[in-house]
Amino acid sequence: MAKVTFILPDDTRVEAQARPGQSLLEVAHQYDIDIEGACEGSMACSTCHLLIDPAWYDRLPAASEEEEDMLDLAFGVSETSRLGCQVVVGEELDGLVVRVPAGVNNLLLG
Ligand code: FES
């Protein structure tokens, strides 16, 4: 298991235990964290946008071009933004800290 801390928009911290192979989106849903993930991981919505703690960002495998393109459309992107459905947790990410952004652009409803 890997510990992942989600910091919610109101600064509440949720400490989650992720099974290796789960995406951050799946972990968030398991803990009732309010990230939409409208397209269920098919990189078509950007509603699973998360801000990775800068100390961790470089330790994640790089984003694919499709992910980068989709992030360009997300609300409030930062230099450490990732799509939660594309980041798969492994033991090496034990201790990861991510922030849930305050808003999303839902392209599927737009
Ligand atoms: S769930 Fe839609 S892009 Fe991640």
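Using my numbering, the first residue of the sequence shown is number 1375, and each one after it goes up by one. The C-beta atom is built at its ideal place from N, Cα and C for all residues, glycine as well.
For residue i, verify whether its CB is less than 6 Å away from any heavy atom of ligand 1.
i     : result
L1457 : yes
G1450 : no
G1411 : yes
M1417 : yes
Please state whether the Cβ-Cβ distance between residue i and residue j is less than 7 Å.
i     : j     : result
P1428 : T1454 : yes
L1424 : V1462 : no
C1422 : L1399 : yes
L1457 : V1451 : no
Tell me whether residue i is buried or exposed, calling it buried when 16 or more other Cβ atoms sit within 10 Å of its Cβ.
i     : result
E1389 : exposed
G1484 : With a pLDDT of only 45 at G1484, under the threshold of 50, the placement of this residue in the model should not be trusted, and no figure is reported.
With 7 Å set as the bound, which would you pick, yes or no: does the beta-carbon of residue i sit closer than that to a beta-carbon of chain C?
i     : result
A1392 : Chain labels in this structure do not include chain C; a single protein chain is all it has.
Could you say which of the options lies nearest to residue i if we only look at CA atoms?
i     : options                       : result
E1439 : M1417, I1409, R1433 and D1406 : M1417
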